[in-house]
Amino acid sequence: MEQEFQFREELNEPLIQVINTGLFDHKIQIADFFRQVSSEQLSDSPLLMLLDELRGESENVLCRYADYILGFISTSYSGSGVLPSARGLSSKEPDEVSELKIQINEKDDQNRRLNIQNDFLKGQLERREKMLAIQRQLFLKELQVLKEQLFQKARIGEPYVAEKFDNFNPEEWLDKLLGKGGMDEDSMKKKIEEMMQKLTARFSEERKKLESQIKILEREKNSKVAELEKEYKLKIAELENQISRLTLKHIIKYYTQFNTHFLQFSRVYH
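End of the sequence shown = 270 in UniProt numbering, gap-free, step of one.
Next comes the structure, spelled out in structure tokens:
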């Protein structure tokens, strides 16, 4: 029992130290980056809220990954007698036990990579939905301002003319966007509706692709997990059978030696 505890301590301590150090450094870098961006460029922008959410999401994903590794280390070697049996056998079958450990570690790495990729795709989908909602809110706000300006122009009987900003001419921009003669209200409304339909269709298509990728990854993950569990159970059963055969072999050898000594003792005293 003491050897098993010492084995787990030797395995856990360096990994825990590396993970905690990397997690601390990552949080510092992420915090510095977002403070710099928010203070220099986005102090009054609604995108600052989205950046804060992305920062929290980044830290949460890393924390979940680190917790998963630490939990795996602390629980994988605390089963009911599996580790002592395997270590006892490793002195007799070192190559086979080492190969089994390598295969199990490879399967665990594949499973962790699938989980990380799955979380990344889900986070990417959520970020796109939030970005679209923010853009829609800003667009509606600008439309409301333009509508109010148009209403005020109509009250005093003047046609609405978009204001110029430096080298930007709104009329020329609209002519390029909507075509010549597209300045009337019906044409503009129709063009805007067409553009919104195209954007909505494109967003829906990208969302379907992401959802399809997520489903494929989930199926692959479940398949890998089932395969790993099946292979793990088979290996454990094989190890237990080998241990049983070795134990029976020692019992037979001990009984044979005892019987030999008993016969020798009987001959001496009879």
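By construction, the Cβ of each residue, glycine as well, lies at the ideal position given by its N, Cα and C atoms.
Check whether the stretch 123-138 touches the stretch 230-247, counting contact only when three or more Cβ pairs, one atom from each stretch, lie closer than 8 Å. Counting Cβ pairs under 8 Å, fewer than three are found: no touch.
Confirm, please, whether the CB-CB distance from LYS215 to LEU114 is below 8 Å. Contact annotation: LEU114 and LYS215 have beta-carbon atoms that are not nearer than 8 Å.
Just confirm the distance between the C-beta atoms of ARG207 and LEU125, as a whole number of angstroms; I'd bet it's less than 8 Å. Cβ-Cβ separation between ARG207 and LEU125: approximately 7 Å, consistent with a contact (criterion under 8 Å).
How about GLU218 and ASN118: are their beta carbons less than 8 Å apart? Pairing GLU218 with ASN118 gives a Cβ-Cβ distance under 8 Å.
Candidates GLU220, GLU211, LEU199 and GLU142: closest to GLN110 by CA position: The residue from GLU220, GLU211, LEU199 and GLU142 with its alpha-carbon nearest to that of GLN110 is GLU220.
Measuring CA to CA, which of ASP108, SER98, PHE24 and GLU99 is closest to ALA226? Answer by Cα proximity: ASP108.
Outcome for MET196 when other beta-carbon atoms lying within 10 angstroms are tallied against a minimum of 16: Around the beta carbon of MET196, fewer than 16 other beta carbons sit within 10 angstroms, so the residue counts as exposed.
Measure from the alpha carbon of LEU199 to the alpha carbon of each residue in ASN241, ARG128, LEU146 and ARG112, then state which is nearest. Comparing Cα positions, the closest option is ARG128.
At the level of alpha carbons, what is the spacing between GLN103 and LYS235? Taking the CA atoms as reference points, GLN103 sits about 11 Å from LYS235.
To the nearest angstrom, how far is the alpha carbon of LEU89 from that of ILE116? Residue placement at LEU89 is poorly supported in this model, since its pLDDT is 42, which falls under 50; the coordinates still yield a value, given next. LEU89 and ILE116 have their C-alpha atoms roughly 35 Å apart.
Burial state of ILE252 (16 or more Cβ within 10 Å): Its Cβ having fewer than 16 others within 10 Å, ILE252 is exposed.
Could you work out which residue in THR247, LYS101, ILE192 and GLU99 is closest to SER139 when comparing CA atoms only? Per the sequence presented here, residue 139 reads as Phe, with Ser not at that position. Closest by alpha carbon: ILE192.
What's the gap between the Cα of GLU99 and the Cα of GLN242? One C-alpha to the other measures close to 16 Å.
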